[in-house]
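Residue numbers for the sequence shown follow my numbering, beginning at 30 and rising by one. Ideal Cβ positions, reconstructed from N, Cα and C, are used throughout, including at glycine. As the structure is a prediction and not an experimental result, all values here were calculated from the model. First comes the structure, then the notes that go with it.
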Amino acid sequence: MCENSTMSVTILGIESSCDDTSAAVIRDGIILSNVIAGQKVHEAYGGVVPELASRAHQQNIIPVVHEALKQAGIGKETLDAIAFTRGPGLLGSLLVGTSFTKGLATALEIPMVEVNHLQAHVLAHFIKADESDTKHPAFPFLCLLVSGGNSQIILVRNWNDMEVIGQTIDDAAGEAFDKCAKVLGLGYPGGPMVDRLAKEGDPMAFRLSKPVVAGYDYSFSGLKTSFLYLIRDALKEDPDFIEKRKNDLCASLQYTVIEVLMDKLRKAVKDLKIREVAVAGGVSANSALRKAFEEHAEKYRWNIYIPPFAYTTDNAAMVAMNGYFKYLDKDFSSMDIAPFSRVVI
Ligand code: KG4
């Protein structure tokens with residue numbers, strides 16, 4: 030273990046909260062490797078099947094860790110600690126990463142560091158590509174965390190001091206994309222497909238219902254229902270409606286989801302007078318959301334932080350980064366730790 034704070038700190042990160050098995054190595058905040066193995070097995074089911082996910086994690090975890098160490102060019106004896114996602118996520122999946130970490134940390138006689146998956150998404154913004162990479166949000170900043178399971182506005186006062194000031198009261202933004210995409214007969218996850226088809230569509234073609242929710246909270250279930258009813262009614266008139274208007278439907282859906290997300294974020298920025306604004310999570314890969322951030326930066330003089338694509342979806346680099354911060358604080362986990370499926374930040 031590295032006792033001297035001036036010495037380099039090398040962290041192995043392990044992520045297994047859903048359907049991606051990932052391992053990454055970070056040294057002093059600089060990325061050395063980030064290996065992700067997806068799981069194609071779920072495609073046939075239109076969603077993640079928890080039991081199949083945990084089995085695939087068991088098969089993937091050793092080769093993925095091996096590859097991450099290889100790409101980083103280090104041996105496992107160089108590691109100072111192992112950071113792992115404790116939750117939230119699928120329990121069976123999390124158990125694989127947690128148990129593996131316990132085994133390897135015991136064998137190497139190094140500490141293990143538990144990481145909250147949601148906080149890790151936020152802290153992905155501090156991963157350095159190299160020594161010269163200094164563009165990171167300054168505290169305090171606001172982070173829009175949008176994924177398949179979460180839509181939150183987080184006030185980040187420090188790396189270990191985060192407050193969720195707004196969140197969805199029903200579906201998440203990614204869920205809205207995925208469920209509406211399913212109605213259109215697109216594959217799973219539908220978000221990336223909607224993004225692609227929307228590029229050729231008219232965002233003003235269809236008017237979808239926008240939620241009225243207090244404060245900084247979100248709601249996407251009404252939007253989803255209005256999308257469903259629009260299609261149900263139009264199909265009665267024209268059985269080829271979806272095929273003919275797919276691009277316009279995707280563009281209108283995407284436009285409305287992003288309007289809803291940005292309306293609340295703008296309100297939070299104005300009220301809290303914080304113009305450091307980041308976006309994180311799977312939906313932050315969306316091209317129109319990225320464009321909306323750029324437009325807001327221009328129009329309202331926000332300092333914006335958009336993650337590289339590799340850090341938008343689930344990845345272990347963000348886990349290792351969070352682990353690095355915790356390591357510096359000597360915030361280690363005990364061996365009897367168990368994963369958790371649900372949590373607030
Ligand atoms: O953070 P993430 O990888 O994991 C979970 O929440 O489990 O987010 C996945 C979500 C899915 O709902 C997916 O459809 C959405 O992110 N997503 C997108 C795009 N890429 C991924 N949604 C819209 N546009 C995209 N380009």
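Relative to the ligand KG4, Ser176 has its C-beta within less than 7 Å of a heavy atom. If you check the CB distance, Asp246 and Thr197 come in under 8 Å. With distances taken between CA atoms, Leu119 lies nearest to Leu81 out of Gly216, Leu81, Arg236. Look at Val94 here: in three-state DSSP terms it is helix. Comparing alpha carbon positions, the residue from Ala314, Gly104, Ile271, Ala97 closest to Phe235 is Ile271. In this structure, Val212 has its CB at a distance of at least 7 Å from all heavy atoms of the ligand KG4. Sequence-distant Cβ neighbours of Ala134 in its own chain, meaning closer than 7 Å and more than five residues away, are Ile111, Pro140, Met141. When C-alpha distances from His146 are compared across Leu124, Arg115, Ser161, the shortest belongs to Arg115.
In this model, Asp262 and Tyr74 are separated by some 27 Å (Cα to Cα). Taking the Cβ atoms as the reference, Ala309 lies roughly 11 Å from Pro337, outside the contact range of under 8 Å.
A Cβ-Cβ distance of about 28 Å is found for the pair Ala349 and Gly76, leaving them out of contact under the 8 Å criterion. In the three-state reduction of the DSSP assignment, Ile287 falls in the helix class, which pools H, G and I. One thing to note: Ile156 has its Cβ no nearer than 8 Å to the Cβ of Cys172. DSSP places Cys209 in the uninterrupted alpha helix (DSSP H) bounded by 202–212. Taking all protein chains shown into account, Asn89 has 16 or more neighbouring C-beta atoms within 10 Å of its C-beta and is therefore buried. Cβ atoms of Gln100 and Val64 come within 8 Å of each other, at about 7 Å. Thr39 carries a strand assignment under DSSP once its states are collapsed to helix, strand and coil.
With a cutoff of 8 Å on beta-carbon distance, Trp188 and Leu226 are scored as not near each other. In the three-state reduction of the DSSP assignment, Val372 falls in the coil class, being assigned neither a helical nor a strand state.
With a cutoff of 7 Å, Val312 counts as near the ligand KG4, since its C-beta is closer than that to a heavy atom of the ligand.
For Ile271, the three-state secondary structure derived from DSSP is helix.
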